[in-house]
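Okay, structure first, notes after.
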Amino acid sequence: MYDGFTHYEGGAKLWVVYHSQGTTHVWATSEAIALQRFTAKYPNLSVYRIERR
């Protein structure tokens, strides 16, 4: 399983998720998938912005 934090699929891009506790890097093929993976792992944090690196 690709979680975007320690394992990711080929062609994935690095996304930086800005949230209430700072920033987290997530690997995903799209911004929507990056957001989904982040909120699945950290459901109690508020996301402010997502940028691609």
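Just so you know, my numbering puts 57 at position 12 of the sequence shown, and the rest follows in order with no gaps.
Where is the CB? At the ideal position from N, CA and C, for every residue including glycine.
Given the structure is predicted, the values throughout are model-derived calculations rather than measurements.
- When secondary structure is reduced to three states using DSSP, L90 falls in the coil class, being assigned neither helix nor strand.
- Closest in alpha carbon position to T68, among Y53, L80, T74 and A57, is L80.
- Under the three-state reduction of DSSP, T69 is assigned to strand.
- Annotated as distal: A77 and K58, with beta-carbon spacing of 8 Å or more.
- Residue pairing for E96: DSSP places it in a beta bridge opposite V61.
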